[in-house]
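Single-structure report; data block below.
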Amino acid sequence: GTSISFVGSVPSKVIENPGIKTPGGASALTVGGLPYIPVYYPGTAIVAMHMEGTDGASTFTESAVGATVTVHGTVTTSATQAKVGSTSMHVTREASGPTNYLTVPLTTFTADFTVSGWFYWDGSSTDANNIFGLSPFGYLVWLGFSGSSMKIFVWDGLNNFNQIVGPTPVTSGEWHFACLERLSGVIRLTLDGVSQGTWVNSSSLAFDSVNIGANTSGANAFGGYIDEVYIQYGAAYFGGGEFVPPTGPTF
């Protein structure tokens with residue numbers, strides 16, 4: 297199996313309870329020689345998208361509440377890359393002209409929440425590549441060039457600065473798991489399950505939509521592939537700390 301080391305105590309969600317929903321492949325993981333079974337904490341799902349479809353199609357399904365998915369520009373399901381299943385969402389970073397992205401309705405987050413998904417950056421641009429843009433507060437999960445490499449950030453549109461600047465370089469041509477969670481008033485950004493920083497914020501967030509693959513104004517599009525997008529409120533789905541990213545369907 298795979299060995300995992302934690303700094304400090306083992307997280308409380310590292311338990312042996314096969315009756316609770318766990319990710320595919322979890323039984324192959326160990327912590328200190330014991331089975332590692334990461335537990336999901338379901339809340340109220342508001343966006344659930346497997347990005348499955350016919351190769352080259354432009355129809356997308358949201359399966360949590362049956363929300364309408366609005367396609368902007370050219371966005372397709374692609375069999376070229378897929379983290380889970382047979383296809384993913386493919387977006388091309390345009391040098392000029394319309395931005396390619398999806399918009400899905402959201403709702404108010406009064407307490408804990410999770411915004412997550414897999415992304416595959418194609419390296420076509422080192423300008424801002426937005427993965428998620430949450431309106432109307434202008435919260436963004438995005439990639440940007442910092443130092444000598446691309447990093448992952450969280451932008452706070454209310455105060456107009458980055459609340460979290462990730463230290464881990466993001467490589468192109470690979471799948472990475474991005475997750476923004478709030479647990480008990482602390483928002484944490486993780487990349488591939490590893491914490492990139494935290495931000496104390498317990499305010500009620502009356503979101504009305506999320507742009508997948510662009511910022512909240514539909515600009516600074518992402519270039520590459522996005523898969524397994526899951527957003528919920530009422531609980532931090534992955535526990536609010538560090539975790540092992542799922543190897544199978546997230547939801």
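415 is the number that the numbering used here gives to position 119 of the sequence shown; each next residue is one higher, with no gaps. Even for Gly, the Cβ is constructed at its ideal location relative to N, Cα and C. Remember, it's a predicted structure, so these values are computed and weren't measured experimentally.
For residue 492 and residue 547, the gap between their C-alpha atoms comes out near 23 angstroms.
Note that the C-beta distance between residue 431 and residue 503 is below 8 angstroms. Counting only runs of 3 or more residues that sit fully inside the stretch 464-515, the beta strand (DSSP E) segments are 471-479, 482-487, 490-496 and 505-508, in chain order. In this structure, DSSP gives residue 446 an extended state, which the three-state scheme calls strand. Shown here, residue 524 sits in a strand according to DSSP, grouped into three states. DSSP lists no beta-bridge partner residue for residue 347. Below 8 angstroms, too few C-beta pairs join the stretch 474-489 and the stretch 369-379 to call them touching: fewer than three. Taking 8 angstroms as the cut-off, the Cβ atoms of residue 347 and residue 384 count as close. Here residue 459 carries a strand assignment [DSSP, helix/strand/coil]. With contacts defined as CB atoms closer than 8 angstroms, residue 402 and residue 448 fail to qualify as a contacting pair. Taking a contact as a CB-CB distance under 8 angstroms, the pair residue 341 and residue 400 does not count as one, their CB atoms being some 12 angstroms apart.
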